[in-house]
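Novice: Numbering (this note's numbering), first residue to last: 1057 to 1407.
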Amino acid sequence: MPLRPYSLPALLTGGLVLLALPRCQPALEPYQTERFELVAGPAAAEGYPMEIEEGRFPTSDGNSIPFGAEFLEGDWGLSHSVVVRSDGTAPAPDSLEVRWFSYTEDKFYQGRWAMPQRRIHELLRQGYWNTDEQQHATYSNLTMCLLPQGVVVVWLCGRNQVLLGRYQAREINFDFKRFNPAANRPRMIAQEQARLPAAVQAQIRSGTLSSRRWDDCLTTYRWRLALRPPLRLLDYGLSYVNAETDNYPRTAALALPRATALLATQRRPVPSNLLLRVEAGPRRHWQLQVKALDEAETRAAFQTLHAAHPVAPLTLGVETDASMRQARLVLQNDWQRVVLHKSTVVVYAVE
């Protein structure tokens, strides 16, 4: 893995000598060279600390968007740290390479993967229409989240957030003294693990550390939104448990078609937050907000209904009373209804 592209001697990892040699550069296409304001932000799931030894998003022009070598205690899909390269601009990356240490597992992981460069370039060029500020905007951050068992998930982030992929690293033997020359490894691991949440410590003791919790978040289902009684959906903001967010349309002209599309059955992840702007008669606009769906209840409802009838589409209904004072969420298929009692819908009038 060419984590130090032009440094010699070569890295010794896992008994393998990794020689990183300069690549012959063919003529580059515009999608490989067009520059955007773009930085990289690493993260780790809460309660599962990681530390990056080295990492970057290489670009086709021979440069890269770097990560800092740092301790991570972040959030799923949200980075609290970025590294700005020179002028802060870069082309869409062609790959990702990273090596890190997992404190919960006392292991090193390493991986290098191709990135969907054309898709990233298209997303950066396309951006989205910020309906709050009435102007075009685009993505600005590549967020990479490190998870147990060597799993890496990457998003392209801005006011909207798009999942780019899930990747699997391999465990490696790496010189711990090179990683932390002054540390006593057993003592350091014991101290760090003693700070972890009780649930994570229990997973360590029982040998049940897993990436399944986050892999389940990446699962998609065929579902649509329904307003009952029928209301006109004008706009929405939607977050998913896979950390994607859909807050703005691609262009100003697509605002209403985008809202209509939410009412059609499509394959989507499980929602985590929802804000709807609706019309309930001439010049009567309302907002319906679910500040936080109860994740466990919502995911269980999706899993249960899907397991019973795997090919049947699901409907997430927002049911309001005649006075537009109360609302609730109901997930259903043609055979069963599940009321999401733990998710409170707040209704209020807007101008």
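A virtual CB, placed ideally from N, CA and C, is assigned to each residue, including glycine.
For clarity, every value in this text was computed on a predicted model and none was experimentally measured.
Going by beta carbon distance, what residues of the same chain come within less than 7 Å of L1077, once the five residues before and after it are set aside?
Specialist: Confidence in L1077 is poor, its pLDDT being 39 and thus under 50, which makes the residue's placement unreliable; the coordinate value appears in the next sentence. Around L1077: no qualifying Cβ.
Novice: Just mark T1301 as buried or exposed, buried being the case when its beta carbon has 16 or more other beta carbons within 10 Å.
Specialist: Buried, because 16 or more other Cβ atoms sit within 10 Å of the Cβ of T1301.
Novice: At what residues does the beta strand (DSSP E) containing F1164 begin and finish?
Specialist: That run of the beta strand (DSSP E) goes K1163 to A1170.
Novice: On the three-state DSSP scale, how would you describe Q1322?
Specialist: Q1322: strand per DSSP, three-state reduction.
Novice: Using the C-alpha atoms, what's the distance from Q1088 back to P1147?
Specialist: Computed Cα separation, rounded: 6 Å.
Novice: Tell me which residue opens and which closes the beta strand (DSSP E) that W1279 is part of.
Specialist: Where W1279 is concerned, the enclosing beta strand (DSSP E) stretches over T1276 to R1284.
Novice: Which residues bound the beta strand (DSSP E) around E1353?
Specialist: Taken as a continuous stretch (DSSP letters only), E1353 belongs to no beta strand (DSSP E), being part of the alpha helix (DSSP H) at E1351 to A1364.
Novice: Below 7 Å CB to CB, which residues in the same chain sit around E1351 once its five sequence neighbours on both sides are set aside?
Specialist: Around E1351: V1297 and S1328.
Novice: Looking at Y1292: is its Cβ nearer than 7 Å to the Cβ of A1225?
Specialist: No.
Novice: What's the C-alpha gap between E1126 and P1105?
Specialist: Going from the Cα of E1126 to the Cα of P1105 covers about 11 Å.
Novice: Would you report the Cα separation of H1136 and W1279, rounded to the nearest angstrom?
Specialist: Using only the alpha carbons, I get a separation of about 32 Å.
Novice: Looking only at its chain, what residues have a beta carbon closer than 6 Å to the beta carbon of Q1217, apart from the 5 residues adjacent to it on each side?
Specialist: W1211, E1300 and T1301.
Novice: Identify whether Q1392 lies in helix, strand or coil by the three-state DSSP scheme.
Specialist: Q1392: coil per DSSP, three-state reduction.
Novice: Pull up the distance between the alpha-carbon of A1348 and that of L1330, whole angstroms please.
Specialist: Roughly 8 Å between the two C-alpha positions.
Novice: Which residue spans inside the stretch 1237-1302 form an unbroken beta strand (DSSP E) run of at least 3?
Specialist: Qualifying beta strand (DSSP E) stretches, in chain order: 1276-1284 and 1288-1296.
Novice: Using CA atoms only, rank isn't needed, just tell me which of R1112, F1092, D1271 and T1264 is closest to L1179.
Specialist: Checked all of R1112, F1092, D1271 and T1264; the closest Cα to L1179 is F1092.
Novice: For M1380, which residues from the same chain have a beta carbon less than 7 Å from its beta carbon, with the 5 sequence-adjacent residues on both sides left out?
Specialist: Same-chain partners within the cutoff: A1336, W1342 and V1403.
Novice: Under 6 Å Cβ to Cβ from Q1322, same chain only, skipping five residues before and after it: list those, please.
Specialist: None.
Novice: Nearest-angstrom Cα distance between L1084 and R1168?
Specialist: Approximately 21 Å between the Cα atoms of the pair.
Novice: DSSP beta-bridge partners for W1211?
Specialist: Its beta-bridge partners are T1199 and L1219.
Novice: Counting along the chain, where does the alpha helix (DSSP H) carrying R1181 start and finish?
Specialist: Q1173 to Q1182 is the extent of the alpha helix (DSSP H) around R1181.
Novice: State whether the stretch 1382-1401 contacts the stretch 1366-1374, with contact taken as three or more CB pairs (one from each stretch) at a distance under 8 Å.
Specialist: Yes, they touch.
Novice: Starting from the N-terminal side, write out each stretch of the beta strand (DSSP E) that is 3 residues or longer and does not extend beyond the stretch 1074-1145.
Specialist: Within the stretch 1074-1145, the complete beta strand (DSSP E) runs of at least 3 residues are 1095-1100, 1106-1114 and 1120-1122.
Novice: Report the option in T1276, A1320, L1198 and T1115 whose CA atom is closest to the CA atom of P1098.
Specialist: P1098 has its Cα closest to that of L1198, out of T1276, A1320, L1198 and T1115.
Novice: Please determine, among G1206, R1175 and R1215, the residue with the shortest C-alpha to C-alpha distance to D1188.
Specialist: Nearest C-alpha to D1188: R1215.
Novice: Looking at the secondary structure, which residues open and close the alpha helix (DSSP H) in which F1235 lies?
Specialist: Per DSSP, F1235 belongs to the alpha helix (DSSP H) from F1232 to F1235.
Novice: Would you decide whether R1324 is buried or exposed? Buried here means 16 or more other CB atoms lie within 10 Å of its CB.
Specialist: Its Cβ being crowded by 16 or more others within 10 Å, R1324 is buried.
Novice: Give every residue of the same chain whose Cβ lies closer than 7 Å to the Cβ of G1144, excluding the five residues on either side of it in the sequence, and list them in chain order.
Specialist: Closer than 7 Å at Cβ, skipping near neighbours: E1093 and V1095.
Novice: Under the rule that 16 or more other beta-carbon atoms within 10 Å means buried, what is P1286, buried or exposed?
Specialist: Exposed: under 16 other Cβ atoms inside 10 Å.
Novice: Using a threshold of 7 Å, state whether the C-beta atoms of S1267 and Q1205 are closer than that.
Specialist: Yes, they are a contact pair.
Novice: Hey, out of A1101, E1102, F1113 and D1117, whose CA is closest to P1082's CA?
Specialist: For P1082, the nearest C-alpha among the options comes from D1117.
Novice: For V1395, I'd like the list of residues in its chain whose CB is within less than 6 Å of its CB, leaving aside the five on either flank, ordered along the chain.
Specialist: Excluding sequence neighbours, V1395 sits near V1386.
Novice: Give me the residue from D1150, D1162, Y1184 and V1154 with the minimum Cα distance to Q1173.
Specialist: The shortest Cα separation from Q1173 among D1150, D1162, Y1184 and V1154 belongs to D1150.
Novice: At what residues does the beta strand (DSSP E) containing R1155 begin and finish?
Specialist: Per DSSP, R1155 belongs to the beta strand (DSSP E) from S1151 to S1158.
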